[in-house]
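Shown next, in structure tokens, is the structure this report addresses.
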Amino acid sequence: MTVRRILTVDNKADLKVLKQISSPVAVVDDGMRMLMDDMLETMYAAPGIGLAAVQVGEPVRAIVMDLARDGEPKQPRFFVNPEILWRSDELFSYEEGCLSVPEIYDEVERPARVKLTYLNYAGERVEEDAEGLFAVCIQHEMDHLEGVLFIDHLSRLKRERAIKKVIKDAQSNAA
Ligand code: K1U
Ligand code: ZN
């Protein structure tokens with residue numbers, strides 16, 4: 005398994021990839037499972053609680069996630085070709101972060117509960133209800149599949165400030 009580089013919004017070429025719409029996965033085969041294993045290693049190393057394939061430069065519809073708390077056994081989860089079947093009218097606000105927008109956190113309001121369908125690591129179709137942090141994280145990651153970042157849910161002023169800060173931080177880290 006390989007820890008891959010995570011694309012970030014301060015890099016123009018990375019941003020172009022992050023804004024792409026990811027393609028459906030034709031079949032969950034060993035090559036796809038190798039990519040998802042790399043994504044999981046990359047997410048654990050970051051560290052983060054979720055990661056979409058596009059964030060490692062592979063614009064395909066795959067997501068990994070682990071919402072286990074510190075000290076709990078790992079609970080890796082894999083979502084291929086996820087689709088939302090139902091969204092609650094009730095909304096929930098959560099302070100989100102994103103490994104592609106380092107060190108920026110802000111409140112985003114999304115449906116509190118969703119029902120989704122996806123293919124798991126074995127390529128089997130699953131239907132599942134999500135609420136709480138699971139609902140927040142799967143919607144954030146599914147936004148990545150559409151080329152949408154959590155900062156796109158913020159005002160233009162906040163979004164521009166966020167990108168400027170990520171660029172400034174990247175420049176001072178490089179110096
Ligand atoms: O970049 C990403 O998509 C991953 C992102 C997922 C996410 C976080 C919060 C709300 C919605 C989606 C992250 O994992 S950011 C890092 C993070 O949240 C975290 C890192 C270490 C420990 C606990 C959380
Ligand atoms: Zn993200």
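In the working numbering, the protein residues as written are 5 to 179.
Yeah, the Cβ is synthetic: ideal placement off N, Cα and C, and Gly gets one too.
#1: Report yes if the C-beta of Val152 is less than 6 Å from at least one heavy atom of the ligand K1U; otherwise report no.
#2: If you reduce the DSSP assignment to three classes, tell me which class Ile88 lands in.
#3: Asp18 to Val105, Cα distance in whole Å?
#4: Are any of the Cβ atoms in chain C nearer than 7 Å to that of Gln59?
#5: Below 8 Å, how does it come out for the stretch 62–72 and the stretch 24–44: are there three or more Cβ pairs, yes or no?
#6: To the nearest angstrom, report how far apart Phe83 and Leu123 are at their CA atoms.
#7: May I ask you to list the residues that DSSP assigns as paired with Met1?
#8: Please classify Ala178: is it buried, with 16 or more other beta-carbons within 10 angstroms of its beta-carbon, or exposed?
According to the structure data:
#1: Taking the sequence shown and counting its residues from 1, one reaches residue 152 at position 148. False, no ligand heavy atom lies under 6 Å from that Cβ.
#2: Locating residue 88 in the sequence shown gives position 84, where the first residue counts as 1. DSSP places Ile88 in strand when its eight states are reduced to three.
#3: Taking the sequence shown and counting its residues from 1, one reaches residue 18 at position 14. Taking the sequence shown and counting its residues from 1, one reaches residue 105 at position 101. Each residue's Cα considered, the two are about 11 Å apart.
#4: This model lacks chain C altogether; it includes just one protein chain.
#5: yes
#6: Mapped onto the sequence shown, residue 83 falls at position 79. Mapped onto the sequence shown, residue 123 falls at position 119. Rounded to whole angstroms, Phe83 to Leu123 spans 6 Å at the Cα level.
#7: Since the first residue shown for the chain is 5 and the last is 179, residue 1 is missing from the structure and cannot be characterised.
#8: For this step, residue 178 is matched to residue 174 along the sequence shown. Result: exposed.
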